[in-house]
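All remarks here apply to the structure that follows.
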Amino acid sequence: MVATEAFSAGQPEESGALSERDRGILDFERQWWKFAGAKESAVREKFDMSSTRYYQVLNALIDRPEALAHDPLLVRRLRRLRAARQRQRSARRLGFEL
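Counting along the sequence shown from 1, when you hit position 3 you're at 3 in UniProt numbering, and nothing is skipped either side.
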């Protein structure tokens, strides 16, 4: 039950708008390199979640049209990077080099 509550805490109130946490994640992802130290430490400090959970939330977030409307350049760049990593993983599994 706690995991469900934590997941829904970042969801918007049926309005289709991004929650404050979602906007914060996109803003952080746009400029995380400005934070001192490792990105994982900054994620833990700023969002109180593991880096694994952060990336799960981020991947779901960049698929949402509201995120694209909020920051189109960032979301398109993150989608391209994700697609490239997926292609590389698929190629490695099949024995190809990209």
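Note that CB positions come from ideal geometry on N, CA and C, so glycine has one too.
*Where Tyr55 falls, given that 16 or more other Cβ within 10 Å makes a residue buried*: exposed
*Is DSSP giving Ser90 helix, strand or coil here?*
helix
_Rounded C-alpha distance that separates Ala83 from Arg77_ = 10 Å
*Exposure label - Ala17; buried when at least 16 CB within 10 Å*: The residue is exposed, with fewer than 16 neighbouring Cβ atoms inside 10 Å.
_Continuous alpha helix (DSSP H) stretch holding Phe30: start and end_ = Note on identity: in this sequence residue 30 is Arg, with Phe being the wrong assignment. It spans Glu20 to Gln31 - the alpha helix (DSSP H) in which Arg30 sits, taken as one unbroken run.
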